[in-house]
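Note that the protein sequences, when read in sequence, are chains U and H.
Residue numbers are given in UniProt numbering: position 49 of the first sequence equals residue 49, and the series is strictly consecutive.
Residue numbers are given in UniProt numbering: position 111 of the second sequence equals residue 111, and the series is strictly consecutive.
Read the structure below first, then the notes.
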Amino acid sequence: MSRRLRPVVMFCVAMLLVAVLWEGYKAIGPEKGGEILGFGILPRTNDQVMPHVWSMIGGMFDPAQRTGGDTVLQVVLSGAWYSFRIALVGFAVGVAFGMAIAVVLSRFRLAERAVLPYLVISQTVPLIALAPLVAGWGGKLQIGDWVWPRWMSAALLGAFLAFFPVAVGTLRGLKSANPASLELMDSLAASWWRTLITLRFPSAVPYIVPALKLGGAGAVVGVVVAEISIGLKGGIGRLIIEYSRQATSEPTKVFTSIFGAALLGLTMAAIVAGIDALLMRNRPRETTS
Amino acid sequence: MTNQVAAVHAVEIAGLNKIFNAGKSSAVEALVDVDLRIAPGEFVSLIGPSGCGKSTLLRLIANLLEPSSGTVLVNGKPAATARQDQDYGMAFQQSGLFEWRSVVRNIELPLELKGWDKAKRRARALEMLELVKLGDFASHMPWQLSGGMQQRVAIARALAAHPPLLLMDEPFGALDEMTREHMQSELLQICARTSTTVVFVTHSIPEAVYLSNRVVVMSPRPGRITEIIDVDLGGERDEGTREDSAFYGRITAVREALRGVEMTGGARGIEDR
Ligand SMILES: Nc1ncnc2c1ncn2[C@@H]1O[C@H](COP(=O)(O)OP(=O)(O)OP(=O)(O)O)[C@@H](O)[C@H]1O
Ligand SMILES: [Mg+2]
């Protein structure tokens, strides 16, 4: 029990520490910002740029619109929830695609040499540049009555960032199967498919788990950036942009939206941690710090 | 019926050659002109200096390698057919257990691939666990067992489908002397009870003599059989056998055969224990 509780306690302590540092700097830092060696790198500490922690928390419960209605927190939470569902779809698609690619590449040596460089190159394309392109293609897609929904472009971009670490991790994992075990499967006249399912995939699990962590984070970043880039309404990405424009009049709003984005990332991390625990049960583990 | 079974050899190797990387400058003549017949129920050990082709010979019998020329018959069938029919079980120096499967599920693996149903599989696996005296460890994970226990699980797995032939490549290499002797006795008992034929690779002369009906002595570069030594110790083998003068006599015979190998090829890696 205490082992489960520890990360929670650590998290709370860390948050508290951040708040203390924030208020501490705000108390002693220069009001108008400062220069070190001629560079203006010390942030200003006025309430505009660095609102008090308590006014941030208080601001969460102000109505989001001047006319009243839902509070900022409610709006941010529902935005985060919207983005989270998209990120989850992106993550699932990215993981499935990444694993499928890894299986194909592990099966055909030649394919690995031919395809892997392209996968690496694909990851160097900036997401910001890719997002409008994907949204543009999606907008033209229409099969019968079915029209490509705009959120799927964001999901696809999340998948785009998620699949790469999963593909690379899975590929390495599939190849990590113990030669003695492989020979055993051969001696039992097991088919390639059977060997994949009973030996190669389970051997790959310790490699897949950390890849999922990277993939989960990638999916969240991909979706949030895509929302901003293609102007998708309803998600947290859009709220961050919207609220930062209102920063002069309501400076605390933007912080609430950043918390929302952080919460989104944390939830994804928690889900991946759950998958980790599920897959790695009954496995020998070095004590993880 | 009995006559017919006796007529079929458990393993029949004729004119066998194996050249790795044939045609290239890195070509290795791993085996040259190997002929060997092994009767059902016989225990045969392969011994010889490192690199003389013992593992290669075992893998050829298992059809994990293709011969360059010559034939390998297992139970009168081509080796490839025998592999498809799971006519042999295999155990290596590394146990090759699946760490994500419990002990009992590791033993079930060959039966799973044979398409046995779950209840039958479980019953047989538990029976095999009793045989290797690990009945209490069915639901343990392999990494919770000692090296010797893991090796016993690997042997139970090799025996699970009751294959008529057992191929073992230095299975006790990683064990301490006491465990090793204990495992040797257990292996002999199990094989006698299940009337399994065994081809056993080892580096240890006493181990080969203690276990075998015949010891096949091999020499390297090129790998071939130089001598086959009969080991008739008369009656059951038990711990007393190890102090027997006949036992020592046979050890000396194998050692001399290996010394002959040393003159010609240079023996390395033979343990005199
Ligand atoms: N896959 C392979 N490719 C090329 N050469 C090989 C291969 N496997 C074995 N050899 C060569 O064949 C020869 C016999 O090897 P093998 O593994 O059968 O020896 P061994 O008698 O089992 O030796 P040890 O006692 O060290 O296990 C060696 O010279 C080795 O280098
Ligand atoms: Mg060997």
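C-beta: ideal position from N, C-alpha, C; glycine also.
- One residue list follows from the rule of a beta carbon closer than 5 Å to any heavy atom of ligand 1, given in chain order as H/20, H/28, H/30, H/50, H/51, H/52, H/53, H/54, H/55, H/56.
- Among the residues of chain U, those whose CB is under 8 Å from the CB of residue 96 of chain H are 178, 180, 181, 183, 184, following chain order.
- One thing to note: residue 166 of chain U has its Cβ no nearer than 8 Å to the Cβ of residue 222 of chain U.
- Cα atoms of residue 145 of chain U and residue 257 of chain U: separation of roughly 36 Å, rounded to the nearest angstrom.
- Judged by pairs of C-beta atoms under 8 Å, the region 178 to 197 of chain U does not touch the region 148 to 155 of chain U, as fewer than three such pairs exist.
- Within the chosen limit of 7 Å, ligand 2 reaches the beta carbon of residue 201 of chain H through at least one heavy atom.
- When rounded, the separation of the alpha-carbon atoms in residue 25 of chain U and residue 45 of chain U is 8 Å.
- By the neighbour-count definition (other C-beta atoms within 10 Å, threshold 16), residue 38 of chain U is an exposed residue.
- Distances from the CB of residue 169 of chain H to the heavy atoms of ligand 2 include at least one below 7 Å.
- Every alpha helix (DSSP H) stretch that sits fully inside the region 216 to 246 of chain U and reaches 4 residues is listed by chain position as 236 to 245.
- With respect to chain H, the C-beta atom of residue 190 of chain U has a partner C-beta closer than 8 Å.
- In terms of Cβ geometry, residue 161 of chain H and residue 86 of chain H form a close pair [threshold 8 Å].
- Cβ atoms of residue 32 of chain H and residue 17 of chain H come within 8 Å of each other, at about 6 Å.
- The DSSP assignment places complete beta strand (DSSP E) segments of no fewer than 3 residues inside the region 29 to 82 of chain U at 34 to 36, 39 to 42, 63 to 65, 68 to 71, in order along the chain.
- Taken atom to atom, the span from the alpha-carbon of residue 250 of chain H to that of residue 183 of chain U is near 34 Å.
- For chain H, none of the residues of the region 39 to 73 of chain U brings a beta carbon within less than 9 Å of one of its beta carbons.
- Exposed is the label assigned to residue 178 of chain H, since fewer than 16 other Cβ atoms lie within 10 Å of its Cβ.
- Residue 101 of chain H: not part of any beta strand (DSSP E); DSSP gives it neither H nor E.
- The alpha-carbon separation between residue 96 of chain U and residue 163 of chain U amounts to approximately 8 Å.
- Only those residues of the region 274 to 286 of chain U whose C-beta falls short of 8 Å from the nearest C-beta of chain H are listed: 282, 283, 284.
- Using a Cβ distance threshold of 8 Å, residue 214 of chain H and residue 231 of chain H count as a contacting pair.
- Within chain H, 62, 64, 83, 90 have C-beta atoms less than 7 Å from the C-beta of residue 187 of chain U, given in sequence order.
- At least one C-beta of chain U is nearer than 8 Å to the C-beta of residue 86 of chain H.
- In terms of Cβ geometry, residue 170 of chain U and residue 219 of chain U do not form a close pair [threshold 8 Å].
- Taken in chain order, the whole alpha helix (DSSP H) runs of length 4 or more contained in the region 2 to 67 of chain H are 2 to 7, 54 to 61.
- In the DSSP assignment, residue 165 of chain H falls outside any alpha helix (DSSP H) and within the unbroken beta strand (DSSP E) covering 165 to 169.
- For residue 172 of chain U, the nearest beta carbon of chain H is not closer than 8 Å to its own beta carbon.
- DSSP lists U/143 as the beta-bridge partner residues of residue 146 of chain U.
- Contact note: residue 200 of chain U does not reach chain H at a C-beta cutoff of 7 Å; the least C-beta distance is about 11 Å.
- Of all C-beta pairs linking the region 39 to 50 of chain H to the region 191 to 199 of chain H, three or more are shorter than 8 Å, placing the two stretches in contact.
- Against chain U, the CB of residue 168 of chain H has no partner CB under 8 Å away; the residue lies outside that interface.
- Unbroken beta strand (DSSP E) runs of no fewer than 3 residues, entirely contained in the region 92 to 121 of chain U, are not found.
- Across the region 157 to 184 of chain H, no CB contact with chain U closer than 7 Å is found for any residue.
- By the Cβ neighbour-count rule, residue 228 of chain U is buried, with 16 or more other Cβ atoms within 10 Å of its own.
- Ranked by how close their Cα comes to the Cα of residue 53 of chain U, the residues U/64, U/17, U/8, U/241 have U/17 in first place.
- Interface residue (Cβ-Cβ distance to chain U less than 8 Å): residue 113 of chain H is classified as such.
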